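Just so you know, the protein sequences line up as chains A, B and C, in that order.
The numbering of the first sequence is the working numbering, which starts it at -19 and goes up by one.
The numbering of the second sequence is the working numbering, which starts it at 484 and goes up by one.
The numbering of the third sequence is the working numbering, which starts it at 399 and goes up by one.
The next block holds one structure in the form of structure tokens; read it before the comments.
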Amino acid sequence: METFLFWLFAIVGVGCGIMVVFHRNPMSSAIYLVVTMLCLAGFYALLAGPFVAVIQVLVYAGAVMVLILFVIMMLNLREETLEREGSIVTWILAGLIGLVLVVAVLPPFPRTPASAPEPAFGTIEEVGNKLFTVYLLPFELTSVLLLVAIIGAVILAKRRML
Amino acid sequence: MFLDFVIVLIKAGVVLFALLNLAALLTWAERKQSAFMQDRIGPNRANVGNITAGGLLHIMADGIKMIAKEDFIPEGAHRMLHTLAPAAALFPALVVFAVIPFGDVLVIGGKAIPLQVANLNVGILYIFSIASLAVYGTMLAGWASNNNYSLLGGLRASSQMISYEVSMGLSILGILMIYQSAQLDVIVREQGQLLLGFIPQWGVLLQPVAFFLFLAAAVAENKRAPFDLPEGESEIIGYFVEYSSMKFGMFFLAEFVEIVIVAGLVTTLFFGGWQFPYLQADGFHWPFEAGVWHLPHLLVVLIQVGTFCVKVLIWCWILLLVRWTLPRFRYDQVMRLGWKMMLPLALANLLVTAVIVLLVT
Amino acid sequence: MIPIPHYLTVSAILFTTGAIGVLMRRNALIVLMSLELMLNAVNLSFVAYARLHQDMGGHVFVFLSITVAAAEAAVGLAILLTIFRARATVDVDNLHLLQR
């Protein structure tokens, strides 16, 4: 069951990830990216991380991608004015260099298989525990960052100079 | 292992069956109830051989009409997205019910079956993540119709939905703090505890402000009156203007399924879920040490599931009532309410709850 | 039981695809989306390693990384909107004013 789910999410996720990059219309790329993110949420659930799985769906697939889709709809690019992308030779070269990068990025595989995690691994209580004790400073800094981002986005997107 | 899988499938099948049938029934109930409230009779003509079952056959008539109509995709529209949007609207509505417990543990032949399709550790967060996926149906429907008015309607609807998602999430955090868990079955079990010895501590008693905020935000999420400007129906073009036959039927059904979802959530989080006051696993435990009435296990489970169903039906009925009582909001009023009134109230509720929980424990 | 290196391979492929998208595409929206793809691939790698070493720090980092990516997407899109209003194009090859 886990094997089947892994291969399903892997094939769909990687396929849609490649389609994000190679499709001309930004709208279709955005839809493929949403599917990729949902597959990644499935991966997180398989890796005993239920909290990050639902946070991925809630924040990334449910909010960030909605925002990107909104902007795509607002910009409303005509099909004819979409840019001519590079020639096929450039893309094949990029693919080859990408293959080299994949092999280079892969770390030395750990030989020992992963042991079964304790039942409380990846639960919301555990994440909260770590977030408010060990990682308190990044948490507070992230909240300040969000405040700055909200103010910045509102000011930049207003029509009149503030 | 295989038996567990089959049991989960059976539970999911039962939940889906009940959900879809209740949604279909609500389409009839809405028309009959609005008729009674407006002092008329309502639909009563659909009959099979002169037997009109009080208008219940209108449900079948609606279904047949929707299937039999011509199904078209407007010229110049994005074909895949136009067909995908109704499915993207219906899927989140059906899937949310997986974490709502509709009964306590049922023990059959030594096997304990919890009456909940999936007991996730992050139950409430799962509900919000699926609710945030529901925006895609509206947005894609609005854009994929190749119609400017439809696009504007879709943008209106989706911005309303994402605005009220925030208030919905924040209002539930108080419940999380009080019942100390995000698992829905733990929350429902905790609501069986007695406050002051005789009052069951239902969520509505401990978090009244959160209850009203959640109810308003969930109705706005659902795009039902008084927040049904995206639908408009008589004033403004909505996002499903280019949809016909069963695709429109799917949007329609998704809306009614979401009514059941909102009712189910309100019962589970605020009204005790399947808890009947003073009923525990082995019988009635009356307060003030007045004694225990023992009941057989199956009867207890039946009472609990029945209580859940009755509560959900009452809340569906109240939601239907609200539609025909209140006038609808204008779009700027909706936005102002969501951001300037409900969000600060939800944050204040969170603060006060946190202070009280800190002081009490 | 899927061994962890499989997840790392998927993460590497997604990261590389995102990197190709950022470097090769001319539409600024698709560049932003490829950037999000890269961030997602890295998150997957973090969660895989957290599972391997039983360390919750991976999950916490993914949580903060998702938050930062959301903030950056919001600001990036706002900048993109402003550029589009000024120049009516989102072609990154035409946006080279700083390149003197």
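By construction, the Cβ of each residue, glycine as well, lies at the ideal position given by its N, Cα and C atoms.
This one's a predicted model, so the numbers in the text were calculated from it and none came from an experiment.
Tell me, which residues are paired with residue i by DSSP?
| i | result |
| --- | --- |
| G766 of chain B | B:Q763 and B:H777 |
| P683 of chain B | B:L677 |
| D489 of chain C | C:N425 |
| A595 of chain B | B:V590 |
| V531 of chain B | B:I534 |
Kindly list the residues whose CB is nearer than 7 Å to the CB of residue i, restricted to its own chain and excluding five residues on each side of it in sequence; keep chain order.
| i | result |
| --- | --- |
| L406 of chain C | S443 and A446 |
| V498 of chain B | F580 and V600 |
| A571 of chain B | Y619, G620 and L623 |
| L589 of chain B | I596, L598 and V784 |
| Y761 of chain B | F767, H768, W769 and P770 |
| V669 of chain B | Y662 |
| A506 of chain B | L736, F739, V740 and V743 |
| L502 of chain B | L577, F580, V740 and V743 |
Does DSSP put residue i in a helix, a strand or coil?
| i | result |
| --- | --- |
| L677 of chain B | strand |
| A617 of chain B | coil |
| I400 of chain C | coil |
| I524 of chain B | coil |
| I556 of chain B | coil |
| I720 of chain B | coil |
| V440 of chain C | helix |
| V669 of chain B | helix |
| V498 of chain B | helix |
| V579 of chain B | helix |
| M454 of chain C | coil |
| T415 of chain C | helix |
| S95 of chain A | coil |
| M824 of chain B | helix |
| L830 of chain B | helix |
| P569 of chain B | helix |
| A708 of chain B | coil |
| N629 of chain B | coil |
| N504 of chain B | helix |
| T407 of chain C | helix |
| T465 of chain C | helix |
| E714 of chain B | coil |
Looking only at its chain, what residues have a beta carbon closer than 6 Å to the beta carbon of residue i, apart from the 5 residues adjacent to it on each side?
| i | result |
| --- | --- |
| K494 of chain B | V600 |
| G652 of chain B | F611 |
| V795 of chain B | A746, G747 and T750 |
| M520 of chain B | W807 |
| N629 of chain B | P557, G559 and A560 |
| F753 of chain B | G686, V687 and F694 |
| G606 of chain B | V582, A665, Q666 and L667 |
| V15 of chain A | C(-4) |
Checking 8 Å against the spacing of the C-beta atoms, do residue i and residue j come in under that value?
| i | j | result |
| --- | --- | --- |
| P557 of chain B | G538 of chain B | no |
| N604 of chain B | T70 of chain A | no |
| V420 of chain C | N441 of chain C | no |
| E704 of chain B | Y632 of chain B | no |
| A476 of chain C | A137 of chain A | yes |
| V740 of chain B | A529 of chain B | no |
| V44 of chain A | A467 of chain C | yes |
| G625 of chain B | L616 of chain B | no |
| G766 of chain B | L781 of chain B | no |
| A129 of chain A | V429 of chain C | no |
| P770 of chain B | L677 of chain B | yes |
| R639 of chain B | L712 of chain B | yes |
| N832 of chain B | V692 of chain B | yes |
| Q674 of chain B | Q758 of chain B | yes |
| G636 of chain B | F791 of chain B | no |
| M549 of chain B | F681 of chain B | no |
| V107 of chain A | V408 of chain C | no |
| D545 of chain B | S727 of chain B | no |
Give every residue of the same chain whose Cβ lies closer than 8 Å to the Cβ of residue i, excluding the five residues on either side of it in the sequence, and list them in chain order.
| i | result |
| --- | --- |
| N425 of chain C | V488, D489 and V490 |
| E(-18) of chain A | L26 |
| H3 of chain A | S9 and Y12 |
| L608 of chain B | A665 |
| V491 of chain B | V600 and A601 |
| A471 of chain C | L430 and E434 |
| F812 of chain B | P709, F710, L712 and L820 |
Quiz item: Which residues, in chain order, does the stretch 6 to 23 of chain A contribute to contact with chain F at a C-beta distance below 8 Å?
Solution: Judged by its chain identifiers, the structure shown contains no chain F, and its protein chains are A, B and C.
Quiz prompt | alpha helix (DSSP H) runs wholly inside the stretch 16 to 55 of chain A, at least 4 long, in chain order | solution = 30 to 35 and 45 to 55
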